[in-house]
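First the structure, in the form of C-alpha cells, and then the observations on it.
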Amino acid sequence: MSEEQYNESEHEHEHEHEPQHEAPPLVRIEVQFNGDGKAIGPNAAKYASRLGKLTRQHCPPQYSEWTLVPEEAIDFLWKGILSWFDVPVEYRSQQPHKANNLWRNWKTTLRKHCDKYDTVLERKRNRKSGVKKEEWDLFVDMESTEHAYLRHERGKENRKTMNNPHTTDRRGSARTVEEMVVNDPANPPSRTDIFVVTHTRKNGTFVSEEVRQKMINEIVARDPSSKYKDLDHDPVAEVFGKDGRGQVLGLGSGVSKTTLMVAAPYKKKAEEAERSKLELQSQIDDLKQQVIDGKKTQMEMQSQVNALLTMQGINPGAQMRISTNSPSDQTTDHSLSRRPMVSHSGQTCELQSMGGRVVAIGRMLGDREDAHENAYRIIVGRDLGI
Numbered sequence: 001m002s003e004e005q006y007n008e009s010e011h012e013h014e015h016e017h018e019p020q021h022e023a024p025p026l027v028r029i030e031v032q033f034n035g036d037g038k039a040i041g042p043n044a045a046k047y048a049s050r051l052g053k054l055t056r057q058h059c060p061p062q063y064s065e066w067t068l069v070p071e072e073a074i075d076f077l078w079k080g081i082l083s084w085f086d087v088p089v090e091y092r093s094q095q096p097h098k099a100n101n102l103w104r105n106w107k108t109t110l111r112k113h114c115d116k117y118d119t120v121l122e123r124k125r126n127r128k129s130g131v132k133k134e135e136w137d138l139f140v141d142m143e144s145t146e147h148a149y150l151r152h153e154r155g156k157e158n159r160k161t162m163n164n165p166h167t168t169d170r171r172g173s174a175r176t177v178e179e180m181v182v183n184d185p186a187n188p189p190s191r192t193d194i195f196v197v198t199h200t201r202k203n204g205t206f207v208s209e210e211v212r213q214k215m216i217n218e219i220v221a222r223d224p225s226s227k228y229k230d231l232d233h234d235p236v237a238e239v240f241g242k243d244g245r246g247q248v249l250g251l252g253s254g255v256s257k258t259t260l261m262v263a264a265p266y267k268k269k270a271e272e273a274e275r276s277k278l279e280l281q282s283q284i285d286d287l288k289q290q291v292i293d294g295k296k297t298q299m300e301m302q303s304q305v306n307a308l309l310t311m312q313g314i315n316p317g318a319q320m321r322i323s324t325n326s327p328s329d330q331t332t333d334h335s336l337s338r339r340p341m342v343s344h345s346g347q348t349c350e351l352q353s354m355g356g357r358v359v360a361i362g363r364m365l366g367d368r369e370d371a372h373e374n375a376y377r378i379i380v381g382r383d384l385g386i
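All letters in the sequence shown, in the order written, are residues 1 to 386 by the UniProt record's numbering.
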C-alpha cells in the first residue's frame, strides 16, 4: 500500500480511533489528599483514572518532554479535572506532576505498540486506538529518529540495573501508606516503615534480595527509634546515602525534600483538623452514651415505682408520673405524684379535721379534668358531729 492509499484509507476510518469524551457529573466528586498532595480515600482510584483519561485527551503524545506541552493544553486538562472533582486549592499545584507521570506512562505504551512494526509506514497505518491521526503520525515520526532510538536503549539499560523496584502495583505509595495508617492509627508510619512495605512482597521477602535492604531491617531491630530520625539520618539514609535534590527514596514519585518542606504547613493543618474531628466524634459518642444511660436509669426507676405500687395494691398501669423538672419546678410537681391517674368514683372516704380527727364519712365522685391534681369531689354521707 502506497502512502497515498494509506492516507485515503485512514480518512475513511478516521473516527473509529478517536477518543470518546464523557460528560462530567452534575455534582463534583469529593476527593481527599494526603500531605504530599497525592489522592487517597475511597475516590482515589476514580480520580487517578479520570486524570489519566483527561491527560490523554488534552495532552498530545508528539512532544518529547512534558515542559513542551502547550500551556493551553494544560489549562484544558485542569479545567476538565475541576469539572469532575472538588480539588482543594492547597493541593492543586501538585497535580500537574501526577499528570506528567501518567502522560509518560501512556507514551511508553504507545512506544511499545510502535515497536511491533518495522517501518514508519506500518506504524502509521496501525494507529493506536484513542489517538488522533495527526497526533499519531507526529508521534511516530518523533519515535522513528536515531535520537529517540538511543534514548530508548539507555532507558532499557537503566531499568536492568534497578535494584529497588516497588511492589505497590496500581495502588501507589500514597494509598499503601493510607492503609498503614488505618491499620495502626496510633503509630504513623515512618519513611523506613514505608520503604520496607513498598519494597516487600506479600510473603515478606524483598523483591531484590540486596544486602542493603536487609541492613535496614537489622538497624531497626537494633534501634527501633532510629526509624523516626530525620530524612538525612534514618536507616534508609544510613544505608542508601542522603537524598539529593530530586526524589526522596521510598516516598513515591514527585516527593522531594523541597515538596516536603512546602507541604509541611498544610500537612500540619490537615493533622490538626483530623485530631479535632476525632475529638468532636468522641464527644458526640459520649453524649449518645449519656442519653442511653439516662434512658436506662429512667426505665429502672419506673420499674421500681411499679413494684412499689403493686405492693400497695395499686395497678401499675395507672402510670405514676416521674418528674424530670428542675428542683425549682418541684414545688408544684412532686417527683412522685400523690394522685394516681385512675378513677376514684364511688370509693368511701373519711374526712379529717386539721387535728387529724375523723369528722365525717363521704363518697368520692368521678375526677374532674379541670380540678387540681390533689383535689377531689366528695359527697358527705354522714356527719359524725365531732
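Beta carbons are placed, not taken as given, at the ideal position from N, Cα and C, and that holds for glycine.
Could you pull out every residue in the same chain whose Cβ sits closer than 7 Å to the Cβ of residue i, ignoring the five residues on either side in sequence?
i: residue 96; result: 74
i: residue 119; result: none
i: residue 327; result: Because residue 327 carries a pLDDT of 43, less than 50, the predicted location of this residue cannot be relied on, and no value is offered for it.
i: residue 362; result: 349, 351, 378, 379, 380, 381
i: residue 303; result: none
i: residue 114; result: 123, 140, 143
i: residue 66; result: 100, 103
Which residues bound the alpha helix (DSSP H) around residue i?
i: residue 122; result: 120-125
i: residue 347; result: Where residue 347 is concerned, there is no enclosing alpha helix (DSSP H), given that its DSSP letter is neither H nor E.
i: residue 393; result: Any question about residue 393 goes unanswered here, given that the chain covers just 1 to 386.
i: residue 111; result: 95-114
i: residue 62; result: Looking at the DSSP string, residue 62 is not in any alpha helix (DSSP H), and its letter there is neither H nor E.
If you drop the 5 nearest sequence neighbours on each side, which residues of the same chain put their C-beta closer than 6 Å to that of residue i?
i: residue 43; result: 29, 31
i: residue 80; result: 54
i: residue 347; result: 364
i: residue 376; result: 364
Count the other C-beta atoms from every protein chain shown that fall within 10 angstroms of the C-beta of residue i, then say buried if there are 16 or more, exposed otherwise.
i: residue 198; result: buried
i: residue 100; result: buried
i: residue 87; result: buried
i: residue 310; result: exposed
i: residue 51; result: buried
i: residue 307; result: exposed
i: residue 183; result: exposed
i: residue 358; result: exposed
i: residue 123; result: buried
i: residue 186; result: exposed
i: residue 94; result: buried
i: residue 131; result: buried
i: residue 89; result: exposed
i: residue 39; result: buried
i: residue 390; result: Residue 390 cannot be examined here, being either before or after the span of the chain that is shown, 1 to 386.
i: residue 34; result: buried
i: residue 107; result: buried
i: residue 387; result: Shown here, the chain extends from 1 to 386; a query on residue 387 therefore has no answer.
i: residue 291; result: exposed
i: residue 69; result: buried
Thinking C-beta only, is residue j closer than 8 Å to residue i?
i: residue 133; j: residue 110; result: no
i: residue 102; j: residue 77; result: no
i: residue 91; j: residue 37; result: yes
i: residue 194; j: residue 220; result: no
i: residue 62; j: residue 142; result: yes
i: residue 85; j: residue 47; result: yes
i: residue 60; j: residue 135; result: yes
Taking DSSP's pairing of strands, which residues face residue i in a bridge?
i: residue 193; result: Paired residues: none, contrary to the question.
i: residue 74; result: Per DSSP, none; premise fails for residue 74.
i: residue 29; result: 85
i: residue 380; result: 362
i: residue 40; result: 32
i: residue 352; result: 358
If I follow the unbroken beta strand (DSSP E) through residue i, where does it start and stop?
i: residue 363; result: 358-364
Just to confirm my understanding: we take residue i, look at its own chain, exclude 5 residues before and 5 after, and list those with CB closer than 8 Å. What are they?
i: residue 387; result: The structure shown does not extend to residue 387, since the chain is modelled only from 1 through 386, so no value can be given for it.
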